[in-house]
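One structure below.
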Amino acid sequence: MANVVVVGAQWGDEGKGKIVDWLSERADVIARFQGGHNAGHTLVIDGKVYKLNALPSGVVRGGKLSVIGNGVVLDPWHLVSEIAKIREQGVTITPETLMIAENTPLIMPYHGELDRAREAQVAVGKIGTTGRGIGPCYEDKVGRRVIRVADLADQATLELRVDRALVHHNALRAGLGLEPVDRDALIAALNAIAGEILQYAAPVWKVMNELRRAGKRILFEGAQGSLLDIDFGTYPYVTSSNVIAGQAATGVGLGPNAIDFVLGIVKAYTTRVGEGPFPTELHDADGERLGTRGHEFGTVTGRKRRCGWFDAALVRQTCAISGINGIALTKLDVLDGFETIKICTGYMLDGQALDYLPTAADQQARCTPVYEEIEGWSESTEGARSWADLPGAAIKYVRRVEELIGCPVAMLSTSPERDDTILVTDPFED
Ligand code: GDP
Ligand code: IMO
Ligand code: MG
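Read in order, the letters of the sequence shown are residues 1 to 430 in UniProt numbering.
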């Protein structure tokens with residue numbers, strides 16, 4: 001039995017949700033291990049569109065256990081409204097099918113306010129966050145002043161936790177010109193939502209270890225993408241968690257030996273939302289075309305995603321950092337009709353060739369991409385469900401991507417629809 005970790009191998013929005021939904025048929029448990037409702041996943045099943053933020057992308061299929069692990073930061077009010085919306089679409093969510101780790105940190109309204117207030121300090125340049133309080137909540141977790149799911153169960157503990165958090169936040173808010181937090185109103189709001197959240201609360205580490213011993217198949221669902229990782233991403237233009245595969249174990253309470261296969265989700269070109277370096281970004285008609293054909297608008301904020309050519313140097317780097325065994329190459333259909341397609345194979349920095357993106361911000365900014373040009377194809381790949389449906393030039397493109405990143409393609413995706421997917425190697429059986 002294999003357990004599979006899915007991680008984004010670029011700057012997010014690679015199509016993780018679609019692939020996790022597809023793979024969930026083969027899994028028993030689908031577990032989120034980091035991030036929060038900054039994630040936005042769109043699933044399309046027989047023309048019906050589902051949008052998820054905090055819920056694991058396995059929920060739609062039904063009959064599977066969905067887990068929100070301790071590595072996640074959870075906005076309880078958002079979760080309750082997300083559950084209500086998805087239920088309206090006919091999806092069943094019960095304490096038997098959804099489990100939330102008791103040690104999961106909770107995002108409070110003051111986290112979102114702080115996130116947005118900081119982003120408004122234009123003098124130091126914004127990150128371009130989703131404004132959902134993700135960074136401030138992770139700060140509080142590490143700062144030992146966060147309120148966790150289990151704290152909702154005991155009034156005295158809850159009040160103690162709130163008071164501890166507010167000593168810090170009210171001082172910060174005064175400096176930013178924000179009103180102090182209304183303590184009693186916050187406690188009342190938490191008490192009002194506590195029951196809704198606690199019905200799903202469980203010692204996830206224990207349940208996951210038991211499931212693993214029982215031979216159940218676990219699918220770990222990463223959010224964001226490796227270049228947004230707090231350590232290995234394009235800092236400070238990153239999210240506030242480790243998003244790479246190593247986080248999957250700590251984010252639910254399993255050992256690293258629970259991971260058998262790491263599947264990197266890779267878009268056939270590159271996109272990024274928010275600020276920060278992006279060597280292959282296009283500001284021309286090709287970039288517009290990628291954005292239009294790929295419908296590149298953020299699910300969470302509606303922002304236009306920046307678009308550019310495939311950067312093999314970056315994906316080679318993220319494959320190494322997450323130990324990616326195989327990739328799912330998505331949105332190949334968006335490249336249909338380009339006469340030629342460019343792939344970045346490395347960079348030039350001050351006259352020197354580099355095969356990776358350096359860490360220093362000034363160097364990242366000065367790196368210029370080295371491209372090779374590949375012949376495009378005029379046929380449509382949209383909806384292709386087997387290699388035989390792909391034009392020769394598209395297969396060549398896929399093979400060249402594999403060569404340059406040093407990692408094989410395990411899956412291919414050719415439209416937003418669940419079943420427009422080609423399985424090359426089953427990650428659960430590999
Ligand atoms: P995630 O955050 O990684 O789950 O990705 P998003 O859902 O934010 O963004 C991916 C978008 O591309 C969604 O709108 C998907 O429906 C869509 N999508 C996924 N795979 C494909 C594909 O192979 N072709 C096309 N055209 N769209 C796809
Ligand atoms: P999915 O799971 C793309 C980006 C934001 C911003 C930076 C920090 O859908 O791939 P944050 O709110 O996390 O503090 O913002 O990270 N970002 C994402 N970009 N896809 C995502 O998630 C993202 N989650 C965060 O745009 O640049
Ligand atoms: Mg997304």
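Heads up, the beta-carbon is just placed ideally off N, CA and C, and yes, glycines get one too. Because the structure is a prediction, the values reported are computed rather than measured.
Proximal residues to residue i (C-beta, below 6 Å), its chain only, five neighbours per side dropped
i           : result
D140        : V146
N103        : N70, R148
residue 438 : No statement about residue 438 is possible, as the shown extent of the chain runs from 1 to 430 and does not include it.
C407        : C319, I324, I327
H41         : G17, L52, S57
A393        : E375, W377
Alpha-carbon spacing of residue i relative to residue j, whole angstroms
i    : j    : result
I93  : R61  : 11 Å
D215 : I374 : Strictly speaking, residue 215 in this sequence is Gly, with Asp absent from that position. Near 45 Å, if we compare the C-alpha coordinates of I374 and G215.
E210 : S226 : 29 Å
A120 : P105 : 25 Å
P236 : I230 : 8 Å
T130 : G302 : 10 Å
Q364 : I327 : 25 Å
K331 : G17  : 13 Å
A268 : I422 : 14 Å
Q352 : A361 : 17 Å
P391 : T234 : 35 Å
D260 : F428 : 8 Å
A156 : E196 : 19 Å
R289 : H295 : 10 Å
S322 : F232 : 10 Å
F310 : L329 : 11 Å
Residue interval of the beta strand (DSSP E) (run including residue i)
i    : result
A393 : Per DSSP, A393 belongs to no beta strand (DSSP E); it is in the alpha helix (DSSP H), 392 to 405.
L43  : 41 to 45
A101 : 98 to 101
Y347 : 340 to 349
S66  : 65 to 68
L172 : Note, L172: premise wrong, no beta strand (DSSP E); alpha helix (DSSP H) at 155 to 176.
One or two residues paired with residue i in a DSSP bridge
i    : result
E288 : Beta-bridge pairing links E288 to no other residue.
M411 : A328, L423
G8   : I265
G35  : V72
Q352 : L349
P369 : Y347
First and last residue of the uninterrupted alpha helix (DSSP H) at residue i
i    : result
M208 : 204 to 213
T318 : 312 to 322
K126 : That residue, K126, is in no alpha helix (DSSP H); it is neither H nor E in DSSP.
T250 : 247 to 250
Other residues of its chain near residue i: CB distance less than 8 Å, five sequence neighbours each side excluded
i    : result
V91  : Y50, V59, V60, G62
H169 : Y110, L114, V181
A54  : R32, G36, H37, A39, I68, V72, L74, D75, H78, L79, E82
Cβ-based neighbour list, residue i, same chain, cut-off 7 Å, excluding 5 preceding and 5 following
i    : result
I341 : L335, I374, G376, Y397
S386 : I422
Presumed contact (8 Å Cβ cut-off) between residue i and residue j, rounded CB distance
i    : j    : result
C307 : G287 : 5 Å
G36  : L98  : The Cβ separation is near 16 Å, so there is no contact.
A258 : R212 : 6 Å
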